[in-house]
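Here's the structure we're looking at; comments come further down.
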Amino acid sequence: MNAPEIVPPAAAEPHVMKTYGRLPLALSHGQGCWVWDTEGRKYLDGLAGIAVNTLGHAHPKLVAALRDQIGKLIHSSNYYLVPLQEQLAARLCELAGMTNVFFCNSGLEANEAALKIARKYGHDRGIERPEVVVYQNAFHGRSIATLSATGNPKVQAGFAPLVEGFVRVPLNDATAIEGVARANRNVVAVFLEVIQGEGGIHPATVAYLREVRRICDEHGWLLMLDEVQCGMGRTGKWFAHQWAGIKPDVMPLAKGLGSGVPVGAVVCGPKAADVFGPGNHGTTFGGNPLAMRAGVETLRIMEEEGLLENAARVGALLKRGLEEGLAGVAGVTEVRGRGLMIGIELARPCGVLLGRAAEAGLMLSVTAERVIRLVPALILSDDEARRMAAILVPLIREFLAEPP
Ligand SMILES: Cc1ncc(COP(=O)(O)O)c(C=O)c1O
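Position one of the sequence shown corresponds to residue -13 (the working numbering), numbered consecutively onward.
As structure tokens, this is what we get:
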């Protein structure tokens, strides 16, 4: 198949720093779950800007609200009251059953703030070298602290010395974390994704999440749940941990929160809400009126349009379509995930499918080398889900029929 290959950007973009291998196409506009490239080709969007475009593209209600906000005030400063910050914070607290929010601009910034909260929480309790439990295959971002927390040697390569103060355990292994609790008196927090995203769509089990909550309570640790990718309605609840009926103490959010406008947030419960005082943390752009309006409107529209129910229902339909289409196909290891966060693990690396899917009119991503990831907008329709499976299933079958 003559699919576009991922290319280093040097040829097409000589002045852009070469941090991504890119497909040689550029998107010009979108509508709902569809996007068009500059050559006029149309794609069904199974990626949504990597779990970002919650409301799809050019949602008329969001566009109108953002136009209105841009005409009034884009940015002010955290030196003054920002009423839209309070509005978004209050809504997030209500939805999460938590109490206070710090706003920033991205997932790594939210995680960076969470890690600072954990350290200060420890220092406030007389622990001079606080440590945080983190996970194999985790992904928390690419700043020095968050890449140190990340459980992927490729992300860390070349950036030593890493930040110290992390203890790493395998996911869904309660014995391992109990062992840490027995051996290490410096631990102050546990930090995990409820569903590991970049690591290959690996969910923490309900039983494990409850057990970790219990262990955190027993030892006075903070439970910090990175919901940057799996939160904001993607799994069919506002936050993925709500399936386990637990509450974290700290919850970093980003990606889908502004439906494309950069917004990050750290939502805290009573144990963590007062750890930062004036001067402990800050940001120039974080929480600016444009970003806050995007967050407020995204939440409002999600509710108005029943997008949690939609994510759960259409996600189940899409997963079923993939499972049925791939049943018995040698080389398909597992179809997993919840709502509109779906991973299809193959028995061998399949990065080439990115280009082949684009050639066939579908946007997706491949993560952890062999996991095809679908994280479409939460407005995806039944028909679009069926089309997605109808494009993807034959591509996977064809790929797996080739000699490795
Ligand atoms: C779970 C998780 N945390 C943090 C991040 C980092 O977010 P950002 O790229 O906005 O810094 C990501 C990005 O993929 C993520 O999936």
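A virtual CB, placed ideally from N, CA and C, is assigned to each residue, including glycine.
With distances taken from CA atoms, which of the options is nearest residue i?
i, options, result
"leucine 101", "Ala371, Met237, Arg372 and Gly246", "Met237"
"arginine 306", "Ala160, Ala371, Val49 and Thr191", "Ala371"
"glycine 112", "Val166, Asn172 and Thr270", "Asn172"
"glycine 395", "Asn123, Arg373 and Pro362", "Residue 395 lies beyond the range of the chain shown here (-13 to 390); nothing can be said about it."
"glycine 7", "Met210, Val338 and Glu98", "Val338"
"methionine 218", "Ala251, Ile187, Thr136 and Arg199", "Ala251"
"tyrosine 29", "Asn39, Gln17 and Val38", "Gln17"
"leucine 74", "Thr24, Glu114 and Val253", "Val253"
"leucine 360", "Leu33, His188 and Arg334", "Leu33"
"valine 352", "Leu332, Leu366 and Leu364", "Leu332"
"valine 379", "Leu209, His109 and Gly311", "Gly311"
"glutamate -1", "Ala(-11), Glu(-9) and Leu11", "Leu11"
"alanine 82", "Thr269, Leu293, His227 and Gly42", "His227"
"glutamate 355", "Arg334, Met374 and Leu366", "Arg334"
"alanine -11", "Glu80, Leu381 and Tyr194", "Leu381"
"arginine 299", "Gly281, Val282, Leu366 and Asp110", "Leu366"
"arginine 53", "Glu291, Val247 and Gly137", "Val247"
"phenylalanine 145", "Val155, Ser134 and Arg154", "Ser134"
Where does residue i fall in DSSP's three states?
i, result
"proline 380", "helix"
"serine 351", "strand"
"glutamine 73", "helix"
"serine 367", "coil"
"lysine 223", "coil"
"threonine 5", "coil"
"isoleucine 358", "strand"
"glutamine 122", "coil"
"threonine 319", "strand"
"serine 134", "helix"
"tryptophan 207", "coil"
"leucine 340", "helix"
"alanine 240", "coil"
"glutamine 55", "helix"
"lysine 233", "coil"
"valine 249", "coil"
"phenylalanine 262", "coil"
"methionine 374", "helix"
"arginine 27", "coil"
"isoleucine 163", "helix"
"glutamine 182", "strand"
"asparagine 39", "coil"
"histidine 188", "strand"
"asparagine 170", "coil"
"leucine 33", "coil"
"methionine 288", "helix"
Under the criterion of a Cβ to heavy atom distance below 7 angstroms, does residue i qualify as lining ligand 1?
i, result
"phenylalanine 262", "no"
"valine 176", "no"
"serine 92", "yes"
"isoleucine 36", "yes"
"valine 21", "no"
"phenylalanine 125", "yes"
"glycine 183", "yes"
"glutamine 215", "yes"
"alanine 240", "yes"
"glutamate 179", "yes"
"asparagine 138", "no"
"asparagine 399", "Summary: the structure shown does not reach residue 399, with the chain confined to residues -13 through 390, and so no result is reported for it."
"aspartate 212", "yes"
Around the Cβ of residue i, are there at least 16 other Cβ atoms within 10 angstroms (buried) or fewer (exposed)?
i, result
"methionine -13", "Summary for methionine -13: the model assigns pLDDT 47, below 50, so the residue's position carries little reliability; its value from the coordinates is reported in the next sentence. The residue is exposed, with fewer than 16 neighbouring Cβ atoms inside 10 Å."
"histidine 15", "exposed"
"aspartate 368", "exposed"
"isoleucine 103", "buried"
"alanine 376", "exposed"
"aspartate 212", "buried"
"threonine 5", "exposed"
"glutamate 184", "buried"
"arginine 342", "buried"
"leucine 67", "exposed"
"glutamate 197", "buried"
"histidine 1", "exposed"
"tyrosine 65", "exposed"
"methionine 374", "buried"
"glutamate 98", "buried"
"threonine 132", "buried"
Touching by the beta-carbon criterion (3+ pairs, under 8 angstroms), the segment 197 to 210 and the segment 135 to 153: no
Contact the segment 335 to 349 vs the segment 269 to 283: 3+ CB pairs below 8 angstroms: no
Quick check: the segment 108 to 124 against the segment 173 to 192, are there 3 or more CB pairs under 8 angstroms? yes
Are at least three pairs of beta-carbons, each pair with one atom in the segment 324 to 340 and one in the segment 41 to 57, less than 8 angstroms apart? no
With a cut-off of 8 angstroms, do at least 3 Cβ pairs link the segment 123 to 134 to the segment 87 to 100? yes
Per the contact definition of three or more C-beta pairs closer than 8 angstroms, is the segment 218 to 235 in contact with the segment 53 to 65? no
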